[in-house]
Amino acid sequence: MKKKTKIKKTAYHIFVSVFGIIMIYPLLWMVMSSFKESNTIFITAGSLIPEKFVLDNYINGWSGFAKISFGTFFKNSAFISVTATIGTIISSSLVAFGLARCRFKGRKLLFGAMLLSMMVPAQVLMIPQYIWYQKLGWVGSYLPLIVPYCFAIQGFFVYLMVNFIDSIPRELDEAAKIDGCSYFGIYYRIALPLMVPAMVTAGIFSFMWRWEDFLSALLYVNEAQKYPACLALKLFSDPGSSSDYGAMFAMATLSIIPIILIFIFFQKYLVEGISTSGLKG
Amino acid sequence: MKKRHRISIYKESTAGIIFCLPFIIGFLLFLVIPMGISLYYAFCDYGILSPAVFSGLKNFKIMMADELFWKSLQITIFYAVVSVPLKLAFALLVAILFQKTSKATGLYRALYYLPSIIGGSVAVSILWKRMFATDGMVNQILHGLGIEASIPWLGNKNTAIWTLILLTVWQFGSSMLIFLSSLKQIPRTFYEASTVDGAGRWKQFTSITLPLLTPTIFFNLVMQMINGLLAFTQCFIITQGQPLNSTLFYMVHMYNQSFVHYNTGYGAALAWVMILIVGTVTAVLFATKKRWVYDGGF
Chain F
1 MKKKTKIKKT
11 AYHIFVSVFG
21 IIMIYPLLWM
31 VMSSFKESNT
41 IFITAGSLIP
51 EKFVLDNYIN
61 GWSGFAKISF
71 GTFFKNSAFI
81 SVTATIGTII
91 SSSLVAFGLA
101 RCRFKGRKLL
111 FGAMLLSMMV
121 PAQVLMIPQY
131 IWYQKLGWVG
141 SYLPLIVPYC
151 FAIQGFFVYL
161 MVNFIDSIPR
171 ELDEAAKIDG
181 CSYFGIYYRI
191 ALPLMVPAMV
201 TAGIFSFMWR
211 WEDFLSALLY
221 VNEAQKYPAC
231 LALKLFSDPG
241 SSSDYGAMFA
251 MATLSIIPII
261 LIFIFFQKYL
271 VEGISTSGLK
281 G
Chain Z
282 MKKRHRISIY
292 KESTAGIIFC
302 LPFIIGFLLF
312 LVIPMGISLY
322 YAFCDYGILS
332 PAVFSGLKNF
342 KIMMADELFW
352 KSLQITIFYA
362 VVSVPLKLAF
372 ALLVAILFQK
382 TSKATGLYRA
392 LYYLPSIIGG
402 SVAVSILWKR
412 MFATDGMVNQ
422 ILHGLGIEAS
432 IPWLGNKNTA
442 IWTLILLTVW
452 QFGSSMLIFL
462 SSLKQIPRTF
472 YEASTVDGAG
482 RWKQFTSITL
492 PLLTPTIFFN
502 LVMQMINGLL
512 AFTQCFIITQ
522 GQPLNSTLFY
532 MVHMYNQSFV
542 HYNTGYGAAL
552 AWVMILIVGT
562 VTAVLFATKK
572 RWVYDGGF
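These protein sequence lines are chains F and Z, in that order.
Quick note on numbering: the first sequence equals residues 1 to 281 in my numbering.
Quick note on numbering: the second sequence equals residues 282 to 579 in my numbering.
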């Protein structure tokens, strides 16, 4: 009996790990290919380990195109993602506090609007927003990529924070109120410090989404100098502009490093965010 | 006067509205207004470069006669209806495998959900394109296994859509995590009691696990269905709708109409039809909810 369970256990582990390796094999292949000599990538596509480790692809890829290096593209991505994320966190936390802790007329209506903003996906707004931003004269700038997020329009984050604030005991507010604290004071001195975990969760998701937001960049950024990495990568991979697959894989690998780092260091928050509020990875 | 003003800031309702102001402004400015404007333009002849002229139902008449509209709609629905249930089935299966925790579970879980974290990125789309190229990794591996394959996965209209479906199913990780957290909430005593009553593993699965998971399955189904109908990036980068428009997703068709052919008014009409379709699908799913979703407590 004991022996049988041991065999079963071993079989389980073998099955799960083999399947796990199949799951990440494409990614491993990409990373490994980026260290292969560019002209051997497809001849040796069936094998994972490069015969000769070279860094040429990274050097070639980094030089980018149109005399703009990938360094610029990464800097652009970082700027957009970080500003939009800071805006999202601050605005969402304010709104969440208002919805969770203040009773006022229209609160229910606002809550409904927030849920609606969760359900309306960005793609469906692609053309409506484009037309509107064009009227505002925003096309061609970073404004459409940053400003909307500073207005808490991503219901998911507000929802996540409302739930979090609900778990903070109200007695803390009451005590502060008696001591003469204003609502903003309660938000700033009591709720905010306690909300850090929820803000970290929202922050890492926001950062990842903005980092990978290819669609908005495609629509609104039209100067090569201002391209974020995801858009630059797409153009880099277009047939005709380059057939240097090694360099392409190298830059693709670099472009997912921030996400991988988040994955490694903030896994707890990622899992929490996905499993408690259904945030999509 | 000044004092009264001060007091009003301390008032709960005023404070609440002030806190919510960013969202109120954002909701109007970036959601309601754009949608309103585009609703108007859906009834106009409008290209980005020319002024809008009201044209009644013209765009919708064009749509009814637009072969690509019907084709892309059909492809998108096929893609969503095939990939979403597959993805959820995988997610559930793997979640059940991970229900029993061991030391390695954390690592395994990470391996399985990493693809869903980065799956939407341009990098992965580019990778997919090269994997399924005729001289790509997949054919080479098949070759290594002794199968002589030089299949143009992306060039054949029967296989191209399946590479996109595979890419979606591959990203089952986030649904898996959601299932995993609901599985953990099912009380152990249910299983213990049923074991005493002589229920086997399969019986437990069908009469305890599955019914209690239906709310989670429902939630996942709604969210993933919406995402499936609105898929864009993968198709745009990997196949661009080719070959012979066999992978032309609705969103890509809409993009092409608006930004390649500059029929922005028509694009707005397509966007609104999609909003209605998404709304209908969601409503239909909600209407079936009572029939199969368990809504009692534990």
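Here a beta-carbon is modelled for each residue, glycine too, at the ideal position from N, C-alpha and C.
Fair warning: this is a prediction, and the values are worked out from it, not measured in the lab.
Cutoff 8 Å: residue i Cβ touching any chain Z Cβ
{"i": "F:Ile153", "result": "yes"}
{"i": "F:Ala84", "result": "no"}
{"i": "F:Val200", "result": "no"}
{"i": "F:Pro121", "result": "yes"}
{"i": "F:Phe207", "result": "no"}
{"i": "F:Ser216", "result": "no"}
{"i": "F:Gly281", "result": "At F:Gly281, the pLDDT of 45 sits below 50, so the modelled position is not reliable; the number obtained from the coordinates is stated separately. Closer than 8 Å: yes."}
{"i": "F:Val162", "result": "no"}
{"i": "F:Trp132", "result": "yes"}
{"i": "F:Arg103", "result": "yes"}
{"i": "F:Gln225", "result": "no"}
{"i": "F:Tyr269", "result": "no"}
{"i": "F:Met248", "result": "yes"}
{"i": "F:Val16", "result": "yes"}
{"i": "F:Glu212", "result": "yes"}
Beta-carbon spacing of residue i, residue j below 8 Å
{"i": "Z:Ser475", "j": "Z:Gln485", "result": "yes"}
{"i": "F:Ala113", "j": "F:Ile165", "result": "no"}
{"i": "F:Met161", "j": "F:Ala84", "result": "no"}
{"i": "F:Ser63", "j": "Z:Tyr389", "result": "no"}
{"i": "Z:Ala296", "j": "F:Pro128", "result": "no"}
{"i": "F:Leu115", "j": "F:Gly180", "result": "no"}
{"i": "Z:Ala512", "j": "Z:Tyr393", "result": "no"}
{"i": "Z:Leu435", "j": "Z:Ile519", "result": "yes"}
{"i": "F:Leu94", "j": "Z:Pro396", "result": "no"}
{"i": "Z:Met457", "j": "Z:Ala372", "result": "yes"}
{"i": "Z:Tyr543", "j": "Z:Ile329", "result": "yes"}
{"i": "Z:Thr497", "j": "Z:Ser539", "result": "no"}
{"i": "Z:Lys438", "j": "Z:Ser527", "result": "yes"}
{"i": "Z:Tyr547", "j": "Z:Thr357", "result": "no"}
{"i": "F:Lys234", "j": "Z:Val405", "result": "no"}
{"i": "F:Tyr227", "j": "F:Gly140", "result": "no"}
Chain F contact for residue i (CB, 8 Å cutoff)
{"i": "Z:Thr331", "result": "Checking the sequence, you will find Ser at residue 331 of chain Z rather than Thr. Output row for Z:Ser331: interface = no."}
{"i": "Z:Leu312", "result": "yes"}
{"i": "Z:Phe304", "result": "yes"}
{"i": "Z:Ala564", "result": "no"}
{"i": "Z:Ile498", "result": "no"}
{"i": "Z:Asn544", "result": "no"}
{"i": "Z:Ile422", "result": "yes"}
{"i": "Z:Val574", "result": "no"}
{"i": "Z:Thr561", "result": "no"}
{"i": "Z:Glu293", "result": "yes"}
{"i": "Z:Ile556", "result": "yes"}
{"i": "Z:Gly425", "result": "yes"}
Terminal residues of the alpha helix (DSSP H) in which residue i lies
{"i": "Z:Gln421", "result": "418-425"}
{"i": "Z:His534", "result": "531-536"}
{"i": "F:Gly98", "result": "70-101"}
{"i": "Z:Trp351", "result": "348-378"}
{"i": "Z:Trp553", "result": "545-573"}
{"i": "F:Glu51", "result": "Taken as a continuous stretch (DSSP letters only), F:Glu51 belongs to no alpha helix (DSSP H), as it is neither H nor E."}
{"i": "F:Asp56", "result": "56-62"}
{"i": "Z:Thr514", "result": "514-519"}
{"i": "Z:Glu293", "result": "293-308"}
{"i": "Z:Trp409", "result": "403-412"}
{"i": "F:Gln123", "result": "First-last for F:Gln123: undefined, no H or E at that position."}
{"i": "Z:Pro396", "result": "386-399"}
{"i": "Z:Ile318", "result": "314-322"}
{"i": "F:Ala224", "result": "First-last for F:Ala224: undefined, no H or E at that position."}
{"i": "F:Phe265", "result": "245-265"}
(request) Can you give me, in chain order, the residues of the region 392-415 of chain Z that have a beta carbon less than 9 Å from any beta carbon in chain F? (result) Leu392, Tyr393, Tyr394, Leu395, Pro396, Ser397, Ile398, Ile399, Gly400, Gly401, Ser402, Val403, Ala404, Val405, Ser406, Ile407, Leu408, Trp409, Lys410, Arg411, Met412, Ala414
(message) Please give the ranges of any alpha helix (DSSP H) in the region 147-211 of chain F, keeping only runs that are unbroken, at least 4 residues long and fully inside the region.
(response) 155-166, 170-178, 196-211
(request) Report the residues of the region 345-362 of chain Z with a CB closer than 8 Å to any CB of chain F, ordered along the chain. (result) none
(message) Which residues of the region 436-464 of chain Z have a Cβ closer than 8 Å to any Cβ of chain F? Give them in chain order.
(response) Trp451, Gln452, Gly454, Ser455, Leu458, Ile459, Leu461, Ser462
(request) Using a Cβ-Cβ cut-off of less than 8 Å, give me the residues of the region 21-35 of chain F that come near chain Z, in sequence order. (result) Ile21, Met23, Ile24, Pro26, Leu27, Trp29, Met30
(request) Please list the segments of the alpha helix (DSSP H) lying wholly inside the region 417-502 of chain Z, counting only runs of 4 or more residues, in order along the chain. (result) 418-425, 441-451, 454-464, 469-477, 482-485
(request) Using a Cβ-Cβ cut-off of less than 9 Å, list which residues of the region 57-76 of chain F approach chain Z; keep chain order. (result) none
(request) May I ask you to list, following chain order, the residues of the region 87-101 of chain F that have a beta carbon less than 7 Å from some beta carbon of chain Z? (result) Ser91, Leu94, Val95, Phe97, Gly98, Leu99
(message) Short of 9 Å Cβ to Cβ, which residues in the region 106-118 of chain F face chain Z?
(response) Gly106, Arg107, Leu110, Ala113, Met114, Leu116, Ser117
(message) Along the region 519-537 of chain Z, where does the CB come closer than 9 Å to a CB of chain F? Name the residues.
(response) Met532, Met535, Tyr536
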